[in-house]
Amino acid sequence: MSPEGATPLLKVENLQAWYAESKALHGMSFEVREGELLTLIGRNGAGKTTTLRSIMGIVRKRTGSIRFKGEELVGRRTYEIARKGIAYCPEERAIFGSLTVRENLTLPPVLQPGGMDDEALMDAFPNLRRRAGSGGTKLSGGEQQMLAIARILRTGSRFLLLDEPSEGLAPVIVKEIGELIQRLKAQGFTILLVEQNLRFARSVADRHVVVENGRVVDVLTAAQLDADMARVKSYLGV
Amino acid sequence: MLSNLTPQLFFGQMLIGLINGSFYAMLSMGLAIIFGLMNVVNFAHGVQYMLGAFVAWLLLNMLGINYWGALVIAPIVVACLGLVMERLVLKPLQNLDHLYSLLATYSVALIVEGIVRQQYGSTGLPYQLPISGGINLGFMFMPWYRLWVVVFSLVTCLGTWLLIEHTKLGAYLRAANENPAIVESFGINVPRMVTLTYAFGVGLAALSGVLAAPIYQVSPSMGSSIMIVIFAVVVIGGMGSIIGAVATGYLLGLAEALTKVFYPQGANMVIFVVMILALVLRPRGIFTSSEAAR
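One line per chain: the protein sequences are R and F, in this order.
Quick note on numbering: the numbering used here labels position 14 of the first sequence as 14, and the sequence is numbered without any gaps.
Quick note on numbering: the numbering used here labels position 44 of the second sequence as 282, and the sequence is numbered without any gaps.
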């Protein structure tokens, strides 16, 4: 982890965002440091997914500031943000049914050097090689999740936004996804992870940002979380 | 009635059906591509087809550029007009209900048709056949130009289908049909893709217009009369389904011709009867699987 006081990779300040007329974020502020794995935890509807979608520019109506490597992202279009080196894996996985597995995997263009090439990705995800010719949505839920993560590794972006990759998957698959995320972190990726599954979040993260009603209410290190589970459970209402 | 059915009459009608079907297929393919990506029912499609024919006529009569030159130049000119229209009219409406863009494209169609009628009158302008003569097939006489139209349309449809189903560019288009936000999150300039796709669809309409100029007359209303049929074809084939639009286009051209042979009074309504049946029995289109339609 980079030392305190170093310029963060991503700095979100007083972020407010709207879906049509309804306000979803009420002034989020947090930062992500280079190489760290930060989770956004909180109840359903707290604004975690909206935060990722606002960073990515998919939620267009937003104010405040989102700085990535010092550059302002608010006001930028989604494709411009992606080209700065941020990749996004949505909660619904968004595997394209009218594309084969191979087409899904190779769809994202290489934006910067250092992305994994198609063969390396197929090696890392052998299931995808076996099913390269099938329709994207013919895969199982776990395979679709692997595919959704695999394809964004192609772009060469080093900052990943992952929205609930463990959702709705069998424990054995969740374990595999956890190992994959650990591997990515070890390779130097910076990851902002949205998670409802506290056990899963604990197993991978350096720090946790607790979100409630579109605001950050607490930030804990992994050690603080372990020491004070009661406090965290009160936030999540579990 | 069937006693006076000669092979000449039958095959003659089938050829007309095939020619009409070629235009239905090319036009509805463009309409389906535009609808698939943009959720815009492009009611200006007929007028863009008419403009293709008109630009060909103008090129010939003002600049002396012949049919073969027009076949290249007219679609480019009209596609550029489409590009401007997408930026000025459709882009501002893109986040609203698609009724708005439907009404906007329809308004543009009425205005453009009105201007052309004002300038050139409503009687058709003749456009000379670029290839004369034909071949006697024994059972019927096949004019070369009609054969050219059928072959050209088949090749265009097949080429476009290959482009969409089997290239990277096509994969972007198919993915963006499903989920444009995610495609854009991969760093792909989706707004530009939308503009170019619209221009491509408009160019296809204009290309059909040039092809049509020597067969039908070049007239301001040639677009609005075919537009209703094209719309029916796209509804029957399944909104946004390219293969569905092409197949339905040819089939309905032939169905119309068959009706003309066996029950001439019904020829003008057979397409709409099929449309109603399709809407009742397979509202998502006869060529869309339930999964693809989602």
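Idealized CB from N, CA, C, for every residue including glycine.
Values in this document were obtained by computation on a predicted structure and should not be read as measured data.
In the DSSP annotation of this structure, the continuous segment of the alpha helix (DSSP H) that includes Asp226(R) starts and ends at 222 to 227.
C-alpha of Val316(F) to C-alpha of Ser345(F): approximately 17 Å in a straight line. Distance from the CA of Glu72(R) to the CA of Ile66(R), rounded to the nearest whole angstrom, comes to 6 Å. Spatial neighbours of Trp306(F) in its own chain (CB-CB distance under 8 Å, excluding positions within 5 residues in sequence) are listed in chain order as Pro368. Sequence-distant partners of Arg77(R) (beyond 5 residues in either direction) whose C-beta falls short of 7 Å from its own C-beta, in its chain, are Gly57. With 16 or more other Cβ atoms from the protein chains shown falling within 10 Å of its own Cβ, Tyr383(F) counts as buried. Straight across, the Cα-Cα distance linking Val322(F) with Phe281(F) is about 16 Å.
When only Cα atoms are considered, Glu164(R) and Gly142(R) end up about 12 Å apart. In the three-state reduction of the DSSP assignment, Lys233(R) falls in the helix class, which pools H, G and I. If you look at Lys69(R), you'll find it isn't in any alpha helix (DSSP H); DSSP assigns it neither H nor E.
Val393(F): member of the alpha helix (DSSP H) spanning 382 to 404, first to last residue. Shown here for Ala437(F): same chain residues with a beta carbon closer than 8 Å to its own, the five before and five after excluded, namely Ala317, Cys318, Gly320, Leu321, Glu324 in chain order. Shortest Cα-Cα distance from Leu184(R) to any of Arg102(R), Met116(R), Val216(R), Glu103(R) involves Met116(R). In the displayed model, Asp123(R) falls within a helix according to three-state DSSP. As DSSP reads the structure, Gly372(F) sits in a beta bridge with Pro381(F). In this structure the region 397 to 409 of chain F does not lie against the region 123 to 131 of chain R, because fewer than three pairs of beta carbons, one per stretch, are closer than 8 Å. Residue range 305 to 323 is occupied by the alpha helix (DSSP H) that includes Gly307(F).
The DSSP-derived three-state label of Gln112(R) is coil.
Inclusion of Val101(R) and Gly156(R) in the CB contact set at 7 Å is not warranted, their separation being larger than that value. Against chain R, a Cβ distance below 7 Å from Val428(F) picks out Tyr79. Per the C-alpha coordinates, the member of Val518(F), Val456(F), Val285(F) positioned closest to Ala294(F) is Val456(F). For the set Arg215(R), Ala87(R), Asp226(R), Val216(R), the Cα lying nearest the Cα of Ser203(R) is the one of Asp226(R).
Taken in chain order, the members of the region 91 to 103 of chain R whose beta-carbon sits within less than 8 Å of a beta-carbon on chain F are Ala94, Phe96, Gly97, Ser98, Leu99, Glu103. Per the coordinates, the alpha-carbon of Ile420(F) lies some 35 Å from the alpha-carbon of Val310(F). Taking a Cβ-Cβ threshold of 7 Å, the residues of chain R close to Phe424(F) are Ala82, Leu107, Pro108, Pro109, Thr155, in chain order. Under the DSSP assignment, Ile177(R) falls in the alpha helix (DSSP H) whose first and last residues are 171 to 186. Contact between Tyr79(R) and Glu422(F) holds: their C-beta atoms lie close to 5 Å from each other, under 8 Å.
Listed along chain R, the residues sitting closer than 7 Å to Ile420(F) by beta-carbon distance are Pro90, Ala94. For chain F, the residues of the region 45 to 59 of chain R that bring a beta carbon within less than 9 Å of one of its beta carbons are Arg53, Met56, Gly57, Ile58, in chain order. Taking a C-beta distance under 7 Å as the contact criterion, Gly439(F) and Ile271(F) qualify as a contact pair. Within the DSSP bridge table, the entry for Gln16(R) names His26(R), Thr63(R) as partners. DSSP, reduced to helix, strand and coil, places Glu92(R) outside both helices and strands of the structure shown, so it counts as coil.
Taking a Cβ-Cβ cut-off of 8 Å, Arg522(F) has no neighbours in chain R, whose nearest Cβ is about 15 Å from it.
Leaving aside the five residues that flank Lys23(R) on each side, the residues in its chain whose CB is nearer than 8 Å to its CB run, in chain order, Gln16, Ala17, Gly214. In the three-state DSSP reduction, Ala516(F) falls in the helix class (H, G or I).
Going by DSSP, Ile191(R) is part of the beta strand (DSSP E) stretching over 190 to 194.
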